[in-house]
Amino acid sequence: MSLIKDKYERAIDYLRISIIDRCNLRCIYCMPSDGIKPIEHKNILSYEEIIRIVRIAAGLGVRKIRLTGGEPLIRKNLPYLISSINNIQGIEDVSLTTNGLLLQKYARELAAAGLRRVNVSLDSLLPERYREITRGGNINDVLNGIKEAENAGLIPVKINMVPIRGFNDDEIEEFALLTIKKQYHVRFIEFMPIGSREIWNEEKYISTQEIKERASAVAPLMPVKIRKSGPARYFRFDGAPGVIGFISPITHHFCDTCNRLRITSDGKLRPCLFSETEIDLRSAMRCGASDEEIERLFRLSIEIKPEGHSINHEKSFAHLKPMSKIGG
Ligand code: SAM
Ligand code: SF4
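Each residue of the sequence shown is one higher than the one before, starting from 11 at the first, in my numbering.
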């Protein structure tokens with residue numbers, strides 16, 4: 011089946027689905043300390059609704075699914091959702107973004123259900139600081155979770171780190187060094203002015219260029235080509251088993267190669283992370299829309315997918331929903 015392209019010739023084959031807006035952490039840059047008002051349970055997409063959406067999307071050429079949240083591992087019976095999605099004709103890759111706290115418990119079950127890989131968010135390697143950034147998380151749970159993910163064959167494990175000046179930027183080199191010891195893909199993501207406003211300010215933002223210079227202090231970084239690397243640009247230290255990726259939503263917009271759509275946990279189809287334009291699939295489905303009608307809504311979202319976004323580190327994006335609601 012041929013892939014569906016938008017009007018800027020981008021083939022849309024990737025759907026990122028937030029399956030829950032709730033989380034078992036309250037990372038300082040993502041959520042306010044008292045959390046965010048959760049979406050009512052009845053307004054969260056059911057697994058059957060998600061499976062139906064994926065089936066229709068697969069018919070249009072979507073091949074890759076990433077489940078995210080909030081924290082996807084706190085939603086019950088996740089292996090059922092994963093195996094159901096994995097069995098849909100056309101779906102080639104199902105992955106998960108998680109804070110890793112519950113990975114030790116679930117990694118094997120998830121792998122057995124057909125999960126291919128995990129991205130684990132980890133913003134500090136220091137136990138006390140990790141606790142502070144996440145407002146209460148225990149780093150040992152994450153480290154054990156990463157080990158279990160490797161044992162379960164969910165490799166390469168990708169570790170996502172958001173460097174924030176004055177919080178954790180002194181650990182950039184330490185994170186880079188992980189790739190010398192392990193086969194990890196360590197990915198540095200630019201801090202975005204989205205989500206919790208409690209700590210954002212321009213001075214805390216660090217550009218990819220600066221992060222890369224600081225990682226290069228360890229040893230020279232050589233570019234590597236990784237197939238289907240998405241928005242990340244990858245590098246490697248000579249002889250290292252792992253790689254280092256840089257994701258630069260602020261300084262290097264990757265809009266020209268953006269192949270994705272998103273579904274929020276309450277069932278809104280969102281053509282761009284940084285635009286509040288959404289199409290309400292949940293209401294359509296609950297009002298009895300046929301598969302053909304849902305397919306038309308998908309086509310519409312592809313048609314209106316913007317060419318690019320104008321986010322930068324000086325602009326306030328206070329109007330945007332937090333990442334936990336959209337699905338980071
Ligand atoms: N709870 C899961 C986790 O933490 O991996 C999945 C959801 S979380 C919203 C997804 C990703 O969004 C995380 O890697 C997190 O670091 C990132 N994120 C949240 N707010 C961000 C911000 N303001 N700037 C950059 N990344 C952000
Ligand atoms: Fe939860 Fe992930 Fe947001 Fe942290 S980044 S509060 S783990 S959703």
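All residues carry an ideal CB built from backbone N, CA and C; glycine is no exception. These figures come from a predicted structure and were not determined experimentally.
* Reference I95, options T108, P82, L125 and G80, closest by Cα -> It is L125 whose Cα lies nearest to the Cα of I95.
* **Contact the segment 238-251 vs the segment 207-215: 3+ CB pairs below 8 Å** => no
* Asked: Excluding sequence positions up to five away, which residues of its chain have a Cβ less than 6 Å from the Cβ of I84?
  -> N34
* **Whether R32 touches G80 by CB criterion (7 Å)** => Going by C-beta atoms, R32 is nearer than 7 Å to G80.
* To do: Give every residue whose Cβ lies closer than 7 Å to any heavy atom of the ligand SF4, listed in chain order.
  => C33, L35, R36, C37, C40, M41, G79, G80, E81, N109, S131, T144, M333, S334 and G338
* Throw me the rounded Cβ distance for the H319 and S285 pair, which I believe falls under 8 Å. => 7 Å
* Does the ligand SAM have even one heavy atom less than 6 Å from the beta-carbon of T261? -> no
* At which residue ranges does the segment 51-102 contain complete beta strand (DSSP E) runs of 3 or more residues, listed in the order of the chain? -> Considered as a whole, the segment 51-102 harbours 74-78 as its complete beta strand (DSSP E) runs of no fewer than 3 residues, in chain order.
* In its own chain, which residues sit with a C-beta less than 7 Å from the C-beta of M333, not counting the 5 before and 5 after it? -> Hits under 7 Å: C40, I204 and G205.
* With distances taken between CB atoms, is the gap from L55 to G277 smaller than 7 Å? -> Against a cut-off of 7 Å, the Cβ pair of G277 and L55 comes out as a contact.
* Asked: Is there contact between the segment 292-305 and the segment 249-258, where contact requires at least three CB pairs shorter than 8 Å?
  -> By the C-beta criterion, the segment 292-305 is judged not to be in contact with the segment 249-258, since fewer than 3 inter-stretch pairs fall below 8 Å.
* Is DSSP giving D1 helix, strand or coil here? -> Given a span of 11 to 338 for the chain in the structure shown, any question on residue 1 remains unanswerable.
* Asked: What are the start and end residues of the alpha helix (DSSP H) that includes V152?
  -> V152 -> alpha helix (DSSP H) spans I149 to N161.
* I314 versus P281: straight-line alpha-carbon distance, rounded -> 7 Å
* Report all residues from its chain with a CB closer than 6 Å to the CB of E288; omit the five preceding and five following residues, and keep chain order. => Here the set comprises K278 and R280.
* Quick one: grab the DSSP three-state call for R36. => coil
* Cβ neighbours of I336 in the same chain (closer than 8 Å, five flanking residues each side left out) -> S28, R272, T274, R280, L283 and L330
* **Close-in-space but distant-in-sequence residues of the same chain around N150 (CB under 8 Å, 5 per side omitted)** => Around N150: P137.
* **Candidates G155, K74 and E58: closest to T292 by CA position** => Looking at the sequence provided, one finds Arg at residue 292 rather than Thr. Checking every option, the nearest Cα to that of R292 belongs to E58.
* Asked: Between S134 and N178, which are expected to be in contact by the criterion C-beta below 8 Å, what is the C-beta distance as a whole number of angstroms?
  -> 5 Å
* Asked: Is any heavy atom of the ligand SAM found at a distance shorter than 6 Å from the C-beta of F201?
  -> yes
* To do: Using only the heavy atoms of the ligand SAM, determine whether one of them is closer than 6 Å to the beta carbon of G240.
  => Taking the Cβ of G240 as the reference point, every heavy atom of the ligand SAM lies at 6 Å or farther away.
* Asked: Among I49, S43, N53 and E102, which one has its Cα closest to the Cα of G71?
  -> Selected option, being the one with the closest Cα: E102.
* **Residue closest to I49, alpha-carbon to alpha-carbon, out of I30, A299 and I92** => I30
* Paired residues, beta bridge with I254 - DSSP -> V196 and F245
* To do: Count the CB pairs spanning the segment 115-132 and the segment 155-164 that are closer than 8 Å, and state whether there are at least three.
  => Cβ pair count under 8 Å is three or more, so yes.
* **Per-residue burial, P173 [other beta carbons within 10 Å of its own, 16 or more giving buried]** => Burial of P173 is indicated by the presence of at least 16 other C-beta atoms within 10 angstroms of its C-beta.
* So is the beta-carbon of N170 under 6 Å away from any non-hydrogen atom of the ligand SAM? -> yes
* CB T144 to CB C265, shorter than 7 Å? -> no
* Asked: the ligand SAM heavy atoms versus the CB of I289: any closer than 6 Å?
  -> no
* Asked: Can the beta-carbon of R26 be found less than 7 Å from the beta-carbon of R237?
  -> When the beta-carbon positions are compared, R26 and R237 stay at least 7 Å from each other.
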